[in-house]
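Just below is one structure, and these are the notes that go with it.
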Amino acid sequence: MVKRVRKCVVPAAGLGTRFLPATKSVPKELLPIVDTPTLQYIVAEAAHAGIEDVILITARGKTSMVDHFDLSPELEETLLSRGKVAERDALRAISNMARLASIRQHEPLGLGHAVLQAANLVGDEPFAVILGDDVIDAETPAIAQLVECYQRTGMGVVALMEVPVEETPMYGIAAGTMLDDRTMRIERMVEKPQSDPPSNLAVIGRYVLPPRVFDYLREVQPGVGGEIQLTDALALLAEREGLVGYRFEGKRYDAGDRLGYLKANVAFALKRPDLRQGLLEWLREIVAEADAR
Ligand code: UTP
């Protein structure tokens with residue numbers, strides 16, 4: 000009997016150096032996609048997948064991330080006094096999406112180290128992980144697709160995405176045996192292969208993992224800069240207990256990368272009826288202007 004996935008760890012303690020100077024005092028996870036912080040999309044995704052507890056890994060200077068999910072009585076009061084009931088309700092809903100706990104990662108010692116900070120809060124049950132700067136636009140929340148795969152296979156699951164071969168050096172690449180159209184039993188994972196990638200399936204920021212992964216995280220040796228890599232612990236998990244990859248349905252944006260962030264803004268804005276027409280017209284204009292140059 001596979002246990003229900005009730006908790007989600009969201010690592011959001013990184014320095015966000017690719018986004019300086021914006022991230023000097025604003026966490027990159029709070030930068031808005033249209034008008035909604037990236038982190039809110041992520042917590043909403045976990046909540047839509049039936050997850051009750053979100054464990055946010057934070058760092059010095061990033062407490063505003065937790066504040067975003069608190070109540071804001073003055074703001075609510077003001078909106079109400081102006082008759083903006085729907086806006087007040089939308090604001091209130093942010094605080095009710097999930098129960099939020101946070102824990103500090105004192106030093107940015109890598110994704111594996113970040114996840115390890117949640118070990119006691121997670122306890123002895125399977126848990127989801129969604130990276131704080133990784134957005135997936137999907138009909139069924141991507142993490143729900145992974146939870147379903149975990150329940151079906153009983154093994155840890157990582158999200159897989161097809162990437163062009165020339166982009167494989169930027170990702171962790173997984174290889175193995177396809178069990179069905181979307182599910183792969185992982186036999187090998189190579190971090191950022193500079194040549195001969197074993198496949199074009201990249202591991203991206205969503206996982207459903209058994210609690211044993213914390214033991215593997217304690218076991219792996221820190222690499223460059225003292226960082227503990229989640230990939231190294233996943234390789235141990237794959238070898239000793241089995242790990243599957245799931246080619247999820249949906250469109251993924253790396254909102255921690257400037258180009259990915261810009262794409263996410265345009266794509267999400269085009270889905271808003273109040274913005275779509277104006278944005279499309281302007282995009283056509285600037286594309287034509289750029290082509291003419
Ligand atoms: P990234 O590598 O994208 O984050 O990690 P970063 O280190 O902040 O990025 P740059 O390269 O300096 O711009 C993916 C997610 O993991 C978190 C980040 O906050 C991000 O949401 N992370 C990364 C941690 O929580 N702790 C770490 O030590 C590293």
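Read in order, the letters of the sequence shown correspond to residues 0 to 292 in numbering that gives the first Met the number 0. All C-beta atoms in this analysis are idealised placements derived from N, C-alpha and C, irrespective of residue type, glycine included.
(request) Measure the alpha-carbon distance for F126 versus C7 and round it to whole angstroms. (result) Mapped onto the sequence shown, residue 126 falls at position 127. Mapped onto the sequence shown, residue 7 falls at position 8. Their Cα atoms are separated by approximately 6 Å.
(message) What I want to know is whether the C-beta of A234 ends up closer than 8 Å to one or more non-hydrogen atoms of the ligand UTP.
(response) On the sequence shown, residue 234 is found 235 positions in, with the first residue counted as 1. Not under cutoff, so the answer is no.
(message) Taking 9 Å as the threshold (C-beta atoms), are P26 and G60 in contact?
(response) Within the sequence shown, residue 60 is the residue found at index 61, counting from 1. Within the sequence shown, residue 26 is the residue found at index 27, counting from 1. Cβ distance < 9 Å, so G60 and P26 count as in contact.
(message) Assuming contact is defined by CB atoms lying nearer than 9 Å, are G131 and V9 in contact in what I supplied?
(response) Within the sequence shown, the letter at position 132 stands for residue 131. Within the sequence shown, the letter at position 10 stands for residue 9. For G131 and V9, yes; Cβs fall inside 9 Å.
(message) Here's the rule I'm using: 16 or more other beta-carbon atoms within 10 Å means buried, otherwise exposed. How should L55 be labelled?
(response) Here residue 55 corresponds to residue number 56 of the sequence shown, with the count starting at 1. L55 comes out buried.
(request) Determine the DSSP secondary structure at D136, reduced to helix, strand or coil. (result) Counting from 1 along the sequence shown, the entry for residue 136 is found at position 137. The answer is strand: DSSP assigns D136 an E or B state.
(request) Mind listing, in chain order, the continuous alpha helix (DSSP H) runs of no fewer than 4 residues lying wholly within the region 14–90? (result) 37–47, 63–66 and 72–80
(request) Please say whether A173 and L200 have beta carbons closer to each other than 9 Å? (result) Locating residue 200 in the sequence shown gives position 201, where the first residue counts as 1. Locating residue 173 in the sequence shown gives position 174, where the first residue counts as 1. A contact, by the Cβ cut-off of 9 Å.
(message) Please tell me whether P140 and P168 are closer than 9 Å, where the distance is taken between their beta carbons.
(response) The count along the sequence shown starts at 1 and reaches residue 140 at position 141. The count along the sequence shown starts at 1 and reaches residue 168 at position 169. Not closer than 9 Å, so no.
(message) Given a cut-off of 9 Å on the beta-carbon distance, is the pair G111 and L216 in contact?
(response) For the purposes of this step, residue 111 is taken as residue 112 along the sequence shown, with counting starting at 1. For the purposes of this step, residue 216 is taken as residue 217 along the sequence shown, with counting starting at 1. A contact, by the Cβ cut-off of 9 Å.
(message) Give me the residue from E165, E218 and Y149 with the minimum Cα distance to Q193.
(response) The residue you call residue 193 lines up with position 194 of the sequence shown. Nearest option by C-alpha distance: E165.
(request) Determine the extent of the alpha helix (DSSP H) in which G111 is found, giving its start and end residues. (result) The residue you call residue 111 lines up with position 112 of the sequence shown. Element bounds for G111: L110 to L115.
(request) Alpha carbon to alpha carbon, how far is G109 from P221? Give it in angstroms, no decimals. (result) On the sequence shown, residue 221 is found 222 positions in, with the first residue counted as 1. On the sequence shown, residue 109 is found 110 positions in, with the first residue counted as 1. Whole-angstrom Cα-Cα distance: 9 Å.
(request) Measure from the alpha carbon of V298 to the alpha carbon of each residue in L282, P20 and V265, then state which is nearest. (result) Since the first and last residues shown for the chain are 0 and 292, residue 298 lies out of range.
(request) Tell me where the beta strand (DSSP E) around L242 begins and ends. (result) Your numbering for residue 242 matches position 243 in the sequence shown. Here the beta strand (DSSP E) through L242 covers L242 to R246.
(request) For T16, collect the residues of the same chain with a Cβ closer than 8 Å to its Cβ; drop the 5 residues on either side in sequence, then sort them by chain order. (result) On the sequence shown, residue 16 is found 17 positions in, with the first residue counted as 1. For T16, where only same-chain residues beyond five positions count, the Cβ hits under 8 Å are T22.
(message) I need the boundaries of the beta strand (DSSP E) containing P196, first residue and last residue.
(response) Locating residue 196 in the sequence shown gives position 197, where the first residue counts as 1. P196 -> no beta strand (DSSP E), and no H or E assigned at all.
(request) In the DSSP assignment, find the unbroken alpha helix (DSSP H) run with G224 in it and report its ends. (result) Start at 1 with the first residue of the sequence shown, and residue 224 comes out as number 225. Run containing G224: none; DSSP gives neither H nor E here.
(message) With a threshold of 8 Å (Cβ to nearest heavy atom), would Q104 be considered close to the ligand UTP?
(response) If you number the sequence shown from 1, residue 104 lands on position 105. The answer is yes for Q104.
(request) Use the C-beta contact count for Q276: other C-beta atoms within 10 angstroms, 16 or more gives buried, fewer gives exposed. (result) Residue numbering aside, residue 276 sits at position 277 when the sequence shown is read from its first letter. Classification for Q276: exposed.
(request) Less than 8 Å between the CB atoms is what I'm expecting for E248 and Q144, so what's the real figure, rounded? (result) On the sequence shown, position 249 is the one that residue 248 refers to. On the sequence shown, position 145 is the one that residue 144 refers to. Yes, E248 and Q144 are in contact; Cβ-Cβ is about 7 Å, under 8 Å.
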